[in-house]
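In the working numbering, the protein residues as written are 664 to 815. Backbone N, C-alpha and C define an ideal beta-carbon position, used for all residues, glycine too. This structure is a prediction, so every number in the text was calculated from the model and none was measured.
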Amino acid sequence: PDDADAARVRECAARCGVADRVHLTGPADRDDVAALLRSADVVACVPWYEACDGVALEAMACGRPVVGSDVGGMRDTVVDQVTGVLVPPRRPDALATALRELLGSTTLAAAYGIAGRDRVLARYGWDQVGPATERVYTEVVAARSRVATANP
664 PDDADAARVR ECAARCGVAD RVHLTGPADR DDVAALLRSA DVVACVPWYE ACDGVALEAM
724 ACGRPVVGSD VGGMRDTVVD QVTGVLVPPR RPDALATALR ELLGSTTLAA AYGIAGRDRV
784 LARYGWDQVG PATERVYTEV VAARSRVATA NP
């Protein structure tokens, strides 16, 4: 009841006549996140600026299609028209169109969900992320060493 963002969402839902279909669960326990994501037909991750795309990755790992903002890391995580849909930031009309399309086609939503899960398993497991991170650090250290050697 004290959350200003939740109050705005409730007011907007009431104005739009969908208050009976909007359920704000509040904070979720970590153990409940996967089940909560799997219960969604589509997961929308639409920040206005560069942001962490962890929710999109978790949703894709759960086999859910994602509608994401065409910003930052989301561009790498969500493959437009393959694992979900990318929409321009701050464009509620584009977001609504993408959500309507996915909610109207269970076949398309299922295909994006399957492709998303495959992408997460192929690219974002610790067995891929760990070595990739190590390579980046090794390259940065080597580059700094070359600069330090060249400019004593």
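Classify residue i as helix, strand or coil using the three-state DSSP reduction.
| i | result |
| --- | --- |
| residue 675 | helix |
| residue 775 | helix |
| residue 793 | helix |
| residue 808 | helix |
| residue 815 | coil |
| residue 781 | helix |
| residue 664 | coil |
| residue 685 | coil |
| residue 788 | coil |
Counting C-beta neighbours from all protein chains within 10 Å, is the total for residue i 16 or more, i.e. buried, or is it exposed?
| i | result |
| --- | --- |
| residue 808 | exposed |
| residue 782 | buried |
| residue 775 | buried |
| residue 810 | exposed |
| residue 739 | exposed |
| residue 749 | buried |
| residue 725 | buried |
| residue 685 | exposed |
| residue 784 | exposed |
| residue 716 | buried |
| residue 679 | exposed |
| residue 804 | exposed |
| residue 722 | buried |
| residue 687 | exposed |
Who does residue i pair with in a DSSP beta bridge?
| i | result |
| --- | --- |
| residue 743 | 747 |
| residue 732 | 750 |
Quick check on residue i - is its C-beta less than 8 angstroms from some C-beta in chain B?
| i | result |
| --- | --- |
| residue 726 | The chain labelled as chain B is not found in the depicted structure, where only one protein chain is given. |
Do three or more CB pairs link the stretch 723 to 735 to the stretch 757 to 769 at distances below 8 angstroms? Under the 8 angstroms Cβ criterion, the stretch 723 to 735 counts as touching the stretch 757 to 769, having at least three qualifying pairs.
Could you name each continuous alpha helix (DSSP H) segment of 4 residues or more that falls completely within the stretch 687 to 730, going from the start of the chain to the end? If only complete runs of 4 or more residues are kept, the stretch 687 to 730 shows the alpha helix (DSSP H) at 696 to 701 and 717 to 724, in order along the chain.
Decide if the stretch 745 to 758 is in contact with the stretch 794 to 801; the criterion is three or more beta carbon pairs, one per stretch, under 8 angstroms apart. No contact exists between the stretch 745 to 758 and the stretch 794 to 801.
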